[in-house]
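Per this note's numbering, the very first residue in the sequence shown carries number 202; after that it's consecutive.
Every residue, glycine too, gets a C-beta built ideally from N, C-alpha and C.
Remember, predicted model here, so these are calculated numbers, not experimental data.
Some notes on the structure that comes next.
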Amino acid sequence: MAESGAGGVGGRRPEPEFGDPAAARAAALNFDLKRVDRAFLANPYPTYRALREHDPVHRMPDGSYFLTRYEDCVAVYHDAAGWSSDKKLDFRPNFGDSLLFEHHTTSLVFNDAPYHTRVRKLLAPAFTPRALKALQPRIETLVDRLLDEAAGREPFDLIDDFAAAIPVRLIGDMLGIPEAERAPLRGWSLAILGALEPVLSPAQRERGVRAVADFKAYLADLVRRPPSRRHQGAGEILSILVEASAVTARERGGPGATSGIEHLSEAELLHNCIFLLNAGHETTTNLIGNGIDLLVRHPQAAQRLRAEPALIETAVEEFLRLESSNQLGNRRAARDIALAGVPMPAGTYVHLAIGAANRDPAQFPDPERLDIARSPNRHLAFATGIHACAGMSLARMEAQVAIGKLVARFRSIEPAGEPVRGGRIRFRGFLHYPLRLS
Ligand code: HEM
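Structure representation (C-alpha cells):
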C-alpha cells in the first residue's frame, strides 16, 4: 500500500469487515478515538456500523462519548443551550496559550451566544443567495479553465490540479487577497486544521502555531491596505468585517480597547477571516475529491449523471452523505443532561460522528449504497442547528459546477495510480489522486 510522507494512507485498502457479530461487538466496545489504526483511517465505516449497532452511545477511556446514531447527533446539535460549542477548556491541553489557542477559541464556530450570534450576523450578508449568484459565473469560468488545462495533462492530479484550486480561489476572492499572494494559503489552512486532530504531535502543533502567526500577520497587513490594494471584486466578507471592526475602533476611540457587543476587535476580525478560509477550503476540496472518487468507483453512476445532468444536485448531496468531508463534531454538556437515556454530568464531552450518522439505516434506506438520485437526503454533513455551516450553499455550488462539468467533459475518468488519503479522522479526503481523463 502506498503511504505518503505527509502521514497520508493509501486510498484503496479493501474494506476491513468484522467476521461475526461478536467481533463487531468487541470492536465497538473497545473503540478509542485516540488509538485508531491505518485501516480505520482508510475506511472508518465498518467500525462506525459496529458502534451504531452494538454501542451507539459509547463511553471512551477518557470519559467522553462517541455518538453514531443520527437521532442522537441531531438531538445534540439542536440543543445549543444544553450542549456548548465553547472549546476553551478543550483546547488548553493541546494548544497551551499558543496562537493556536487564540485562533481556535476566537472563531465563531467554537463559541456560544452572544459572541457566536454577533459574528454569525456579520457574516450573513456574504452568503445570501444574491451574493452567491454573483459568484457562480466566476466558478464556471475557473472550472472551464482548469478543465482545459487538465485535457492536456497526463496524469492529472484531481486534488492539486483541480479540487484544491477552486475553493482557494473563491475564498481568496471573497477575502480580497490579491491573486499573486495566494500561494501560502493552502499550506496555512492544512496546518491550522491539522492541529485539530484528536492526537497532536509536537511537529503538528508547531506547524499550526507558525501558520496562525504567518496568516495573522499577512491579514493584519491586508486589512490596513486601502481597498484598491486588495483584490477587487466580490470581497464582501472582508469589507463587511473590516467595516465592523473600523466602527468598533471609531467608537472605542482607537484600537486596543475591549470590543462593543455588536462589533469586532482586530483579533476577532483576523481570526474569523482565517477561520473562513479554513472552513471553506479543505472541506470543499475534499467534497470535490470524494465526489469524483465515488464516481470513479461507481462508473455506472457517472454514466447516469452524464445522461441526466440535472441529477447533479442530488448527486452532490449523496457525496456529502456518503463521504462527508467533515466527519466529526464536538460539544460539551453545559449542565447535567441525559442523552438517549444515558445520564451525563455537566462538562461531559461528546463526539458527533457525522460519518456514522449519515449511514444510519434508521434515517437512510440502504445507507451504504450510492444513490445519486436519493431524496429525501437530510444528511448532517453541514451539521444542523444554530452552528449549521454558513457556507453550505457556496460549497454546494462549487461542487455542483466542478463535478458536473468534469463528468460532462470527460467520457472516461480512470485512476492513473494509487490515490493517497489525507490520513486524518476529522477531515476526510485525499492528498493526491492521479487520474487519466479522456
Ligand atoms: C463541503 C464543504 C463544507 C463542509 C462539509 C462544511 C461543514 C461544516 C460543519 C459540519 C460545520 C459545523 C461545525 C460545528 O458546529 O460543529 C460548519 C460550520 C461552518 N462553516 Fe462549513 N463546511 C463546508 C464549507 C464551507 C464554506 C465554503 C464556508 C465559507 C466560505 C464555510 C463556512 C462555515 C462557517 C462560517 C461555519 C461556522 C458556523 C457557525 O458556527 O455558526 N463552510 N461547516
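**OP:** Report the residue from 440, 417, 418 and 636 whose alpha carbon sits nearest the alpha carbon of residue 427.
**Re:** Against the sequence shown, residue 427 aligns to sequence position 226. When only C-alpha atoms are compared, the closest one is 440.
Original post:
Whose CA, out of 569, 318 and 603, lies closest to the CA of residue 345?
Top reply: If you number the sequence shown from 1, residue 345 lands on position 144. Nearest C-alpha to residue 345 among 569, 318 and 603: 603.
Original post:
How is the alpha helix (DSSP H) around residue 258 delimited, first residue to last?
Top reply: Within the sequence shown, numbered from 1, the residue matching residue 258 stands at position 57. It is not in any alpha helix (DSSP H) - residue 258 instead sits in the beta strand (DSSP E) that spans 258-260.
Original post:
Comparing alpha-carbon positions, which option in 261, 323 and 304 lies nearest residue 464?
Top reply: The count along the sequence shown starts at 1 and reaches residue 464 at position 263. Of the candidates 261, 323 and 304, the one whose C-alpha sits nearest the C-alpha of residue 464 is 323.
Original post:
Taking three-plus beta-carbon pairs below 8 angstroms as touching, is the segment 513-528 in contact with the segment 540-548?
Top reply: Between the segment 513-528 and the segment 540-548, the count of Cβ pairs shorter than 8 angstroms is below three; the stretches do not touch.
Original post:
What residue from 235, 586, 614 and 429 has the CA that sits closest to residue 504's CA?
Top reply: The residue given as residue 504 occupies position 303 in the sequence shown. Closest in alpha carbon position to residue 504, among 235, 586, 614 and 429, is 614.
Original post:
What did DSSP end up calling residue 637 once you bin it into helix, strand or coil?
Top reply: Along the sequence shown, one-based indexing puts residue 637 at 436. Assigned with DSSP and collapsed to three states, residue 637 falls in strand.
**OP:** Assess, as a yes-or-no matter, whether the segment 267-281 is touched by the segment 533-543 under the definition of 3 or more beta carbon pairs within less than 8 angstroms.
**Re:** As far as the Cβ criterion goes, the segment 533-543 touches the segment 267-281, which means the pair count is three or higher.
Subject >> Counted within 10 angstroms of its Cβ, other Cβ atoms place residue 622 as buried (16 or more) or exposed >> reply: As a working note, residue 622 is residue 421 in the sequence shown. By the C-beta density criterion, residue 622 is buried, having at least 16 other C-beta atoms within 10 angstroms.
**OP:** Would you kindly work out how many angstroms separate the C-alpha atoms of residue 275 and residue 586, rounded to a whole number?
**Re:** Position 74 of the sequence shown holds residue 275. Position 385 of the sequence shown holds residue 586. In a straight line, the C-alpha of residue 275 is about 8 angstroms away from that of residue 586.
Original post:
Where do the ends of the alpha helix (DSSP H) carrying residue 279 lie?
Top reply: Taking the sequence shown and counting its residues from 1, the one referred to as residue 279 is at position 78. Per DSSP, residue 279 belongs to no alpha helix (DSSP H) and is neither H nor E.
Original post:
Where does the unbroken beta strand (DSSP E) through residue 164 begin, and where does it stop?
Top reply: A query on residue 164 cannot be resolved here, the shown segment of the chain reaching from 202 to 639 and no further.
Original post:
Can you tell me where the beta strand (DSSP E) with residue 543 in it begins and where it stops?
Top reply: On the sequence shown, position 342 is the one that residue 543 refers to. Taken as a continuous stretch (DSSP letters only), the beta strand (DSSP E) holding residue 543 covers 543-545.
Subject >> Where residue 400 falls, given that 16 or more other Cβ within 10 Å makes a residue buried >> reply: Position 199 of the sequence shown, counting from 1, holds the residue named residue 400. With fewer than 16 Cβ atoms within 10 Å of its Cβ, residue 400 is classed as exposed.
Original post:
In its own chain, which residues sit with a C-beta less than 7 angstroms from the C-beta of residue 571, not counting the 5 before and 5 after it?
Top reply: By 1-based counting over the sequence shown, the position of residue 571 is 370. For residue 571, where only same-chain residues beyond five positions count, the Cβ hits under 7 angstroms are 495, 499, 502, 519 and 523.
Subject >> Among 591, 620 and 626, nearest to residue 330 - alpha-carbon criterion >> reply: Taking the sequence shown and counting its residues from 1, one reaches residue 330 at position 129. Measuring from the Cα of residue 330, the nearest candidate turns out to be 591.
Subject >> residue 588: CB within 7 angstroms of a non-hydrogen atom of the ligand HEM >> reply: The residue given as residue 588 occupies position 387 in the sequence shown. At a cut-off of 7 angstroms, the beta-carbon of residue 588 counts as near the ligand HEM: some heavy atom of the ligand is closer than that.
**OP:** Give the straight-line distance between the Cα atoms of residue 406 and residue 497, rounded to the nearest whole angstrom.
**Re:** Position 205 of the sequence shown, counting from 1, holds the residue named residue 406. Position 296 of the sequence shown, counting from 1, holds the residue named residue 497. Their Cα atoms are separated by approximately 35 angstroms.
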